[in-house]
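Enquirer: Below: one structure in structure tokens.
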Amino acid sequence: MWFNSKRNTIINGFTFNKPFYMTFKELRLNPSILKALNEENYEKPTPIQAKAIPLVLKREDVLGCAQTGTGKTAAFAIPIIHLMSEEKKSRDQKIKALIITPTRELAIQIDENIKKYGKHTDLRNTVIFGGVNQDKQVKAIRRGVDILVATPGRLLDLIGQGFISLAHIKYFVLDEADRMLDMGFIHDIKKVLKLLPKQRQSLFFSATMPKNIVDLSKQILRQPKSVTVTPVSSTAETIKQFVYYTNKKEKIDLLHFLLNEHNIEQVLVFTRTKFGADGIVKKLIKKNVKCAAIHGNKSQNQRQKALSAFKEGSIQVLVATDIAARGIDIDKLQYVINYDIPNESETYVHRIGRCGRAGEKGISISLSEAEDNKYIKDVEKLTKQEIEVVKEHPYPQTDKPMNATQKKAVEKEKQKRKQEFFANKRKKEAARGNASKDGKSKSGGDKKKKPFNKRRKSSSAAGGEGGRKGPSKRR
Numbered sequence: 014m015w016f017n018s019k020r021n022t023i024i025n026g027f028t029f030n031k032p033f034y035m036t037f038k039e040l041r042l043n044p045s046i047l048k049a050l051n052e053e054n055y056e057k058p059t060p061i062q063a064k065a066i067p068l069v070l071k072r073e074d075v076l077g078c079a080q081t082g083t084g085k086t087a088a089f090a091i092p093i094i095h096l097m098s099e100e101k102k103s104r105d106q107k108i109k110a111l112i113i114t115p116t117r118e119l120a121i122q123i124d125e126n127i128k129k130y131g132k133h134t135d136l137r138n139t140v141i142f143g144g145v146n147q148d149k150q151v152k153a154i155r156r157g158v159d160i161l162v163a164t165p166g167r168l169l170d171l172i173g174q175g176f177i178s179l180a181h182i183k184y185f186v187l188d189e190a191d192r193m194l195d196m197g198f199i200h201d202i203k204k205v206l207k208l209l210p211k212q213r214q215s216l217f218f219s220a221t222m223p224k225n226i227v228d229l230s231k232q233i234l235r236q237p238k239s240v241t242v243t244p245v246s247s248t249a250e251t252i253k254q255f256v257y258y259t260n261k262k263e264k265i266d267l268l269h270f271l272l273n274e275h276n277i278e279q280v281l282v283f284t285r286t287k288f289g290a291d292g293i294v295k296k297l298i299k300k301n302v303k304c305a306a307i308h309g310n311k312s313q314n315q316r317q318k319a320l321s322a323f324k325e326g327s328i329q330v331l332v333a334t335d336i337a338a339r340g341i342d343i344d345k346l347q348y349v350i351n352y353d354i355p356n357e358s359e360t361y362v363h364r365i366g367r368c369g370r371a372g373e374k375g376i377s378i379s380l381s382e383a384e385d386n387k388y389i390k391d392v393e394k395l396t397k398q399e400i401e402v403v404k405e406h407p408y409p410q411t412d413k414p415m416n417a418t419q420k421k422a423v424e425k426e427k428q429k430r431k432q433e434f435f436a437n438k439r440k441k442e443a444a445r446g447n448a449s450k451d452g453k454s455k456s457g458g459d460k461k462k463k464p465f466n467k468r469r470k471s472s473s474a475a476g477g478e479g480g481r482k483g484p485s486k487r488r
């Protein structure tokens, strides 16, 4: 039996006066999960984890106010994996847990974390999102999935095509609810809600709790327990912050320019995704920059090797995702560069906190493409500090940002052009095929003319009337 109070937490008869200082082992989690957490160097729950995990294990609905960077993903993923691994008796290939998140990047990160936490269980998880071919995602679903992480659009697409059923969902998580509404997904969410079983456990997380978010939560949750974590909102005074507004295609050139312009000996570069991290490394290597990447697809040995090389000074640039950068502690690191601006302001604060430690001076540089400009404003609003804009540089921003409606319109137009392109291509191929058939049905006269003409040219080139008469005589 679990219950929370202001003074203590009781877990199966054990009392903990300070729940934030309990260990994962004391939470009585499945041994396979504890093994995975130990391998990832997870020892003590963060505040959001210490508050939420006991409630989820008690099968309560949870309303959580917390930001990315607080350990929120583990707060809902770990207890769901525990409950499912305890219940699971046989594989029936039906989706039991659904996690919806607004962006592809966050969906991928959550899926990667679930893989880590549940790697010693027999649970299967996969992620689906738009903007890519659906074939691989459909194959993964057909093989059988226990936990599905999804963005709203692709989820509804695959439901509409009959590849996904939500009839057996027991655990539902709506993550980044405020961002979901900002991006115009409210109608998609309501469509999904209609397809979910009434008997389920629901978890709802949002960075902010305005009235429209609270109203949405009431449609999803039943007698929820509220969990709130105070956000990190301040940056060290020793860190100078700069932003360079540029275009997406020119960011790598701007990064290379800054490395040379500022004579940066070492820098930690943050990107949203592992794919982005690998892409940056490949491009910098072509420019003769010594660098390495650390992210979820790298083994622990590879990550440790890259980190050691960076600390020893044998590489200039270490590119990292936020998840892989967990626990990085580098003394006297002066520079941090945000190659991608995080969509959560608290993550920005955590990132730049890697430099300027222990009273040392630090410099944070952000490269903002048009779509990320709004995130810079969010950071300034949270920290109540204005980030200095560097206007004079060789790669100024000329692209214009788009809202969610404009993005959908552009994507729709792209798909339309793509379909038209392939339709025209098929028509041309069909026309060439028909022409080829017509050619075969004709007499062979035309075919005979080609070698005849070649012989005429050959003879003519040799000179003399006899050359032209030769073919006539042979006829």
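Our numbering puts the first residue of the sequence shown at 14, with every later residue one more than the last. Glycine included, C-beta positions come from ideal geometry on N, C-alpha and C.
(1) Compare the beta carbon distance of ASN351 and ARG364 with 8 Å and say whether it is the shorter of the two.
(2) Going by DSSP in three states, ASN138 sits in which element: helix, strand or coil?
(3) I want to check one thing, is the minimum distance from the CB of ARG235 to the heavy atoms of the ligand GTP below 7 Å?
(4) Can you grab the Cα-Cα spacing for the pair GLY77 / ASN356, in whole Å?
(5) Determine the direct distance from the alpha carbon of ALA444 to that of ALA79, and round the result to whole angstroms.
(6) Kindly list the residues whose CB is nearer than 6 Å to the CB of SER230, restricted to its own chain and excluding five residues on each side of it in sequence; keep chain order.
(7) Would DSSP call GLN174 helix, strand or coil?
(8) Spatial neighbours of TYR506 within its chain, please: CB distance less than 6 Å, with the 5 preceding and 5 following residues excluded, ordered by chain position.
(9) Helix, strand or coil for LYS129, going by three-state DSSP, please let me know.
(10) Using a Cβ-Cβ distance under 8 Å, would GLU52 count as near chain B?
(11) Only counting the same chain, and skipping five residues up and downstream in sequence, which positions put a Cβ closer than 6 Å to that of LYS171?
(12) DSSP state of SER215, grouped into three classes?
(13) In whole angstroms, give me the CA-to-CA distance for THR114 and LYS38.
(14) Using DSSP with H/G/I as helix, E/B as strand and the rest coil, what is PHE255?
(15) Could you check the C-alpha separation between PHE142 and ALA290 for me, to the nearest Å?
(16) Taking 8 Å as the threshold (C-beta atoms), are TYR408 and ILE378 in contact?
(17) Taking the alpha carbon of LYS253 as the reference point, which residue from LYS303, GLU359 and LYS374 has its own alpha carbon closest?
(18) Tell me where the beta strand (DSSP E) around LYS238 begins and ends.
(19) Determine the closest residue to MET7 out of ASN146, GLU125 and ILE182, with distance taken between C-alpha atoms.
(20) Going by DSSP, what residue range makes up the beta strand (DSSP E) through TYR348?
(21) Would you mind reading off the limits of the beta strand (DSSP E) that contains ILE160?
(22) To the nearest whole angstrom, what separates the beta carbons of SER215 and ILE233, a pair I think is in contact under 8 Å?
(23) In three-state DSSP terms, what is SER377?
(24) Taking all protein chains shown into account, do 16 or more other C-beta atoms lie within 10 angstroms of the C-beta of ASN126, making it buried, or fewer, making it exposed?
(25) Roughly how many whole angstroms lie between the Cα atoms of ILE389 and GLN410?
Expert: A quick look at the data gives this:
(1) As a working note, residue 351 is residue 338 in the sequence shown. As a working note, residue 364 is residue 351 in the sequence shown. Yes; because the gap between Cβ atoms is below 8 Å, this pair is in contact.
(2) Here residue 138 refers to the residue found at position 125 of the sequence shown. ASN138: strand per DSSP, three-state reduction.
(3) The ligand GTP is not part of the structure shown, which contains no ligands of any sort.
(4) Position 64 of the sequence shown, counting from 1, holds the residue named residue 77. Position 343 of the sequence shown, counting from 1, holds the residue named residue 356. Whole-angstrom Cα-Cα distance: 18 Å.
(5) In the sequence shown, the residue the question calls residue 79 occupies position 66. In the sequence shown, the residue the question calls residue 444 occupies position 431. Computed Cα separation, rounded: 60 Å.
(6) To locate residue 230, count along the sequence shown from 1; it is residue 217. Its chain contains LEU76 and PHE217 as the residues whose beta carbon lies nearer than 6 Å to that of SER230, once the 5 sequence neighbours on both sides are disregarded; these appear in chain order.
(7) Mapped onto the sequence shown, residue 174 falls at position 161. Note: GLN174 maps to coil in three-state DSSP.
(8) Residue 506 cannot be examined here, being either before or after the span of the chain that is shown, 14 to 488.
(9) Walking along the sequence shown from the start, residue 129 turns up at place 116. Reduced to three states, the DSSP call for LYS129 is helix.
(10) The structure shown has no chain B; it contains just one protein chain.
(11) In the sequence shown, counting from the first residue as 1, residue 171 sits at position 158. A small correction: the amino acid at residue 171 is Leu; Lys does not occupy that position in the sequence shown. Spatial neighbours of LEU171 in its own chain (CB-CB distance under 6 Å, excluding positions within 5 residues in sequence) are listed in chain order as ILE177.
(12) Against the sequence shown, residue 215 aligns to sequence position 202. Residue state, collapsed to three classes: strand.
(13) The residue given as residue 114 occupies position 101 in the sequence shown. The residue given as residue 38 occupies position 25 in the sequence shown. Cα to Cα, THR114 sits roughly 29 Å from LYS38.
(14) Counting from 1 along the sequence shown, the entry for residue 255 is found at position 242. Looking at PHE255 - three-state DSSP - the assignment turns out to be strand.
(15) Taking the sequence shown and counting its residues from 1, one reaches residue 142 at position 129. Taking the sequence shown and counting its residues from 1, one reaches residue 290 at position 277. Roughly 19 Å separates the two Cα atoms.
(16) In the sequence shown, residue 378 corresponds to position 365, counting from 1. In the sequence shown, residue 408 corresponds to position 395, counting from 1. Cβ atoms of ILE378 and TYR408: not closer than 8 Å.
(17) The count along the sequence shown starts at 1 and reaches residue 253 at position 240. Nearest C-alpha to LYS253: LYS374.
(18) Sequence index remark: in the sequence shown, residue 238 carries index 225 (1-based). Taken as a continuous stretch (DSSP letters only), the beta strand (DSSP E) holding LYS238 covers 238 to 241.
(19) As shown, the chain starts at 14 and ends at 488. That puts residue 7 outside it, with no answer to give.
(20) The residue given as residue 348 occupies position 335 in the sequence shown. Annotation: the continuous beta strand (DSSP E) that includes TYR348 extends over 348 to 351.
(21) Position 147 of the sequence shown, counted from the first residue, corresponds to residue 160. Start and end: 160 to 163.
(22) Position 202 of the sequence shown, counted from the start, is the residue given in the question as residue 215. Position 220 of the sequence shown, counted from the start, is the residue given in the question as residue 233. Indeed they touch by this definition, with Cβ atoms about 5 Å apart.
(23) For this step, residue 377 is matched to residue 364 along the sequence shown. Judged by DSSP in its simplified three-state form, SER377 adopts strand.
(24) Here residue 126 refers to the residue found at position 113 when the sequence shown is read from its first residue. It is buried - the Cβ of ASN126 has at least 16 other Cβ atoms within 10 Å.
(25) Along the sequence shown, one-based indexing puts residue 389 at 376. Along the sequence shown, one-based indexing puts residue 410 at 397. The straight-line gap from Cα to Cα measures roughly 14 Å.
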